[in-house]
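Asks:
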Amino acid sequence: MKVLAFDLLVEGKPLAVEVDGKKLCIAKVGEEVFAVDNICTHSDAELSDGETNGYKIECWLHGAEFDLRTGAVLTAPATIPLKTYKVTREGNSVTISHNSNQE
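In this note's numbering, the protein residues as written are -6 to 96.
1. So, isoleucine 89 versus valine 80, is the Cβ gap smaller than 8 Å?
2. From valine 66 to lysine 16, what does the alpha carbon distance come to, in whole angstroms?
3. Excluding the 5 residues preceding and the 5 following threonine 77 in the sequence, name in chain order all residues of the same chain whose CB lies nearer than 6 Å to its CB.
4. Straight-line CA distance for lysine -5 to cysteine 33?
5. For the beta strand (DSSP E) containing threonine 45, name the first residue and the last one.
6. Straight-line CA distance for leucine 40 to valine 10?
7. Give the straight-line distance between the Cα atoms of glycine 56 and valine 87, rounded to the nearest whole angstrom.
8. List, from N- to C-terminal side, the beta strand (DSSP E) runs of 3 residues or more that fit wholly inside the segment 3 to 67.
So, in structure tokens, the structure goes:
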């Protein structure tokens, strides 16, 4: 489990965090926060080096896009969805679980 401050997150700019040894990508969309695996399922690129637009995160290397809410692939060349992780927000406190929603 990892706890961080909501006001440190910037919309459109994902953030890499490590939760119990697992590298995740955290993204803020409005008042919501999402967590997905940080490595693109198409290539060995860190998604936190890319950008978000609404609920979409784009891999900077080849342009694959994923839905932050579900991990679903939105555009090629990726074909495998991302794992998503449980995020809880209470006021300015954001808690990220290391357990995947798909496990």
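The C-beta atom is built at its ideal place from N, Cα and C for all residues, glycine as well.
Replies: The structure says:
1. Against the sequence shown, residue 89 aligns to sequence position 96. Against the sequence shown, residue 80 aligns to sequence position 87. It is a contact, given that the beta carbons lie within the stated cut-off.
2. For this step, residue 66 is matched to residue 73 along the sequence shown. For this step, residue 16 is matched to residue 23 along the sequence shown. Near 19 Å, if we compare the C-alpha coordinates of lysine 16 and valine 66.
3. Position 84 of the sequence shown, counted from the start, is the residue given in the question as residue 77. Answer for threonine 77: Val29, Gly64, Asn94, listed in chain order.
4. Here the question's residue -5 lines up with position 2 in the sequence shown. Here the question's residue 33 lines up with position 40 in the sequence shown. If you take the alpha carbons of lysine -5 and cysteine 33, they lie about 21 Å apart.
5. Here residue 45 is taken as the residue at index 52 of the sequence shown, counted from 1. Here the beta strand (DSSP E) through threonine 45 covers 44 to 46.
6. By 1-based counting over the sequence shown, the position of residue 40 is 47. By 1-based counting over the sequence shown, the position of residue 10 is 17. Distance between the alpha carbons of leucine 40 and valine 10: 11 Å.
7. By one-based count along the sequence shown, residue 56 stands at place 63. By one-based count along the sequence shown, residue 87 stands at place 94. Spanning the two alpha carbons is a distance of roughly 28 Å.
8. 8 to 12, 15 to 22, 25 to 30, 44 to 46, 49 to 51, 58 to 60
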